[in-house]
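Protein chains: 2
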Amino acid sequence: MTRRIAVLAHGGFPDGAKTATGVLRYADAEVVAVLDRDIAGDDPDARIADHLSGVADAPIVASSADAPEFDALVIGIAPIGGGFDETWRADVTDAIESGADVVSGLHYFLADDPEFARLAGEHDVELWDVRRPPEDVTVAEGIARELDTEIITTVGTDCSTGKMTTTRELYEAAVDRGVDAGFIPTGQTGIIIEDWGIPIDRTVSDFTAGAVERMVRERSDHDYLFVEGQGSIVHPAYSPVTLGILHGSMPDSLVLCHEAGREAIHGYEEFEIPNPGYVAELYESLAESVAPTEVVAGALNTAHLTESGADDAKARYRSQLTAPVADPIRDGVDELLEAVL
Amino acid sequence: MTRRIAVLAHGGFPDGAKTATGVLRYADAEVVAVLDRDIAGDDPDARIADHLSGVADAPIVASSADAPEFDALVIGIAPIGGGFDETWRADVTDAIESGADVVSGLHYFLADDPEFARLAGEHDVELWDVRRPPEDVTVAEGIARELDTEIITTVGTDCSTGKMTTTRELYEAAVDRGVDAGFIPTGQTGIIIEDWGIPIDRTVSDFTAGAVERMVRERSDHDYLFVEGQGSIVHPAYSPVTLGILHGSMPDSLVLCHEAGREAIHGYEEFEIPNPGYVAELYESLAESVAPTEVVAGALNTAHLTESGADDAKARYRSQLTAPVADPIRDGVDELLEAVL
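Chains as they are written, first to last, in our numbering: chain W, 12 to 352; chain H, 12 to 352.
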């Protein structure tokens, strides 16, 4: 039975609510409403279709209480730092009191909130803190390269370059072609979509590769696994997470994700992003002695460019990588999929 | 006042008790006894000097109760997995009941053990779980490269190649020369020696670089900082920890530590260690776009070789790195220090 969900995205829908848009695009669930009180305040008849295309339509409402009946409330937005915004409290308590589960990828754990925990007990609903890793994650054994499954991992020149989207689009296109494929989520949005997974950025650093290895091992009955990458090997803060995914998944091939025109690390503007061709070689060198692999395709986010600007950017990216290149949203992923299958 | 400590190393002293030997070599404390019931059982008059040279002498005893009076018991040995060995319980409780603090680098936290916690409260002693990171560690800002201090970080071709020893010897030799230097510990032994520090392998992976940055920032009033590295960039399980230290400390120079003759990753024998020259270049490439640096010297562990074997190994290592090379224990660190100052 498909679950009916409401997605909280106050003040951020759609561009500032990455989890909300990811859930709308990819989750196997019926979204009955998006909660965005700013949009609903401006237009009481607002609908998702007015703001985001290519996903199922539903009303945008101001609060949980205004939404049609649902089975789970998903927190679809994350303030900087991952804290809980107290202005959302009524939405969460109303959801719990109506018998709905609550799913959250925040660093703040709802199950540790005394009020939410008490209410959830009273109403027998689940508070699922997606970002809490399992307690028994441990060190990698270094066995992913021996698994009898073809592993494709996305990597990036920076955060927010489209790794989740590219991975998901590749996975779905493969399944559509009849390929026996699995999706390995490593971040909160992917985990919510897949209803399974380990948040790699929250694991103990000694166990980061081990957590990825555990997931690919668990799903190694598939012929192909598409592993969602995180961050970038040239990121001054998040590179350990990136490397844990590279060494833990030991991929057969890599797809490098880049945003056209981005020159500096997002939020760390004094750090230049090197030539993507150089970044690709760095990933290959790092993999070499652990489990050799190659960047076989490039995904380029050209959302803010015109058609001809995008064509120029893709031509440049193609020559930097000497590999097939496409914008998964603009062009689809057929060409990229050919390169990895 | 110098603290008097007893060091627990049952069944492992000296070669299987890395923390015990590190504490004996480098801690600013008076070791009144080593606890090793196997050695003391064979020879009731056993002394440290019979088993380890170059450190202050003291008796080896079978239990806490047999040791001269001390202010703190240090757990100087770690079983695989970092658990607590229940046969040590009487030593810990006796120590607490005699009014001594207990210092442990185990993954098992003594303060979470109900019996130890209760006893420690009753006797007003401290249980210091060195491996518990502070709660408020957060993401790196990427500022270590701007600090007005010269940062030297040790890196390795594998775990257990002598990074802690090399870093500590360089630091102490620098201080002996009158250089204003600080030591940045990143693992349990270094933290116990320094009585300060964050266990980098236990931080959340998103915060690994941030934890290192926080330490170098806190000590940046020194002219030179010597940062203890961990693991290796080519290690299939621990590479994220290594990279967090490289990108978090943004060093001015690197010292690459290698064990002569070691060909495979310790405990992961199917993973070959590449040519050290290649590993050095990999560290430099990884640092390049975040904070450029160079391998300026090599430390070679030649403990198991003859004098002439060691000379051959050093000549080979020197040509691989094209940099000055020495075995810090056999040769001292003068030549290496010249290269980094």
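The beta-carbon is built from N, C-alpha and C at its ideal position, and this holds for glycine as well.
Item: Is H:Ala89 close to chain W? Criterion is C-beta to C-beta, closer than 7 Å.; Value: no
Item: Compute the beta-carbon to beta-carbon distance between W:Val141 and W:Pro79, rounded to the nearest angstrom, for a pair I have assumed lies under 8 Å.; Value: At roughly 24 Å, the Cβ-Cβ gap does not stay under 8 Å, so W:Val141 and W:Pro79 are not in contact.
Item: Who are the near neighbours of H:Ala151 in its chain, counting only those whose CB is closer than 6 Å to its CB and skipping five residues on each side?; Value: Ala220, Gly221, Glu224, Gly259
Item: Can you give the Cα-Cα distance for H:Thr253 and H:Asp39, rounded to whole angstroms?; Value: 27 Å
Item: I'd like the list of long-range same chain contacts for H:Leu158, defined as Cβ closer than 6 Å, with 5 residues on each side in sequence excluded.; Value: Ser231
Item: Where H:Val166 and H:Pro90 are concerned, what is the direct C-alpha to C-alpha distance, given to the nearest angstrom?; Value: 25 Å
Item: Given 8 Å as the limit, is there contact between the segment 190-207 of chain W and the segment 164-182 of chain W, that is, 3 or more CB pairs closer than that?; Value: yes
Item: Which of the three DSSP states is assigned to H:His258 in this structure?; Value: helix
Item: What residues of chain W sit near H:Val215, judged by a beta carbon separation below 8 Å?; Value: Asp212, Arg213, Thr214, Val215, Ser216
Item: Is the segment 269-283 of chain W touching the segment 320-334 of chain W, taking contact as three or more C-beta pairs under 8 Å?; Value: yes
Item: For the alpha helix (DSSP H) that H:Glu108 lies in, which residues bound it at each end?; Value: 100-108
Item: Counting along the chain, where does the alpha helix (DSSP H) carrying H:Leu348 start and finish?; Value: 345-351
Item: List, from N- to C-terminal side, the alpha helix (DSSP H) runs of 4 residues or more that fit wholly inside the segment 182-268 of chain W.; Value: 199-205, 219-229, 250-260
Item: Excluding the 5 residues flanking W:Thr149 on each side, which residues of the same chain have their C-beta closer than 7 Å to its C-beta?; Value: Phe218, Gly221
Item: Can you pull the DSSP bridge partners for H:Asn312?; Value: H:Glu270
Item: W:Ser287 to W:Asp263, Cα distance in whole Å?; Value: The amino acid occupying residue 287 of chain W in the given sequence is Pro; Ser does not appear at that position. W:Pro287 and W:Asp263: Cα-Cα distance of roughly 20 Å.
Item: If we define contact as Cβ-Cβ less than 7 Å, is W:Tyr279 a contact residue for chain H?; Value: yes
Item: Name the two residues that bound the continuous beta strand (DSSP E) containing H:Arg14.; Value: 14-19
Item: For W:Met226, which residues from the same chain have a beta carbon less than 7 Å from its beta carbon, with the 5 sequence-adjacent residues on both sides left out?; Value: Ile195, Gly208, Ile209
Item: Considering just the uninterrupted stretch of the alpha helix (DSSP H) at H:Leu332, what are its terminal residues?; Value: 318-332
Item: Just to confirm, is the Cβ distance from W:Ala28 to W:Ala20 under 7 Å?; Value: yes
Item: Which ranges would you report for the alpha helix (DSSP H) in the segment 37-114 of chain W if only whole runs of at least 4 residues count?; Value: 48-53, 100-108
Item: Considering only residues of the same chain and omitting the five flanking positions on each side of W:Gln331, which have a CB-CB separation below 7 Å?; Value: Asn286, Pro287, Gly288
Item: Please check if any C-beta of chain H sits within less than 7 Å of the C-beta of W:Pro247.; Value: yes
Item: Taking 6 Å as the limit between beta carbons, can you name the residues of its chain near W:Phe237, skipping five residues before and five after?; Value: Ile163, Thr178, Leu181, Tyr182, Phe194
Item: Go to H:Glu280, then tell me how far its beta strand (DSSP E) extends in each direction, as first and last residue.; Value: 279-283
Item: Is DSSP giving W:Leu138 helix, strand or coil here?; Value: strand
Item: So if I threshold CB-CB distances at 9 Å, which residues from the segment 291-306 of chain H count as touching chain W?; Value: Glu292, Leu293, Ser296, Leu297, Glu299, Ser300, Val301, Ala302
Item: Does any C-beta atom of chain W lie closer than 7 Å to the C-beta of H:Gly198?; Value: no
Item: Kindly indicate the opening and closing residues of the alpha helix (DSSP H) around W:Val290.; Value: 287-299
Item: Counting along the chain, where does the alpha helix (DSSP H) carrying W:Ile340 start and finish?; Value: 339-342
Item: Compile a chain-ordered list of the residues in the segment 14-31 of chain H whose CB is closer than 9 Å to at least one CB of chain W.; Value: none
Item: Looking at the unbroken beta strand (DSSP E) that takes in W:Pro161, where does it start and where does it end?; Value: A quick correction: the sequence has Glu, not Pro, at residue 161 of chain W. Segment 161-167, the beta strand (DSSP E) holding W:Glu161.
Item: Name the chain H residues whose beta carbon is nearer than 7 Å to that of W:Leu254?; Value: Ser250, Pro251, Leu254
Item: If you draw a straight line from the C-alpha of W:Ala31 to the C-alpha of W:Leu84, how long is it?; Value: 11 Å
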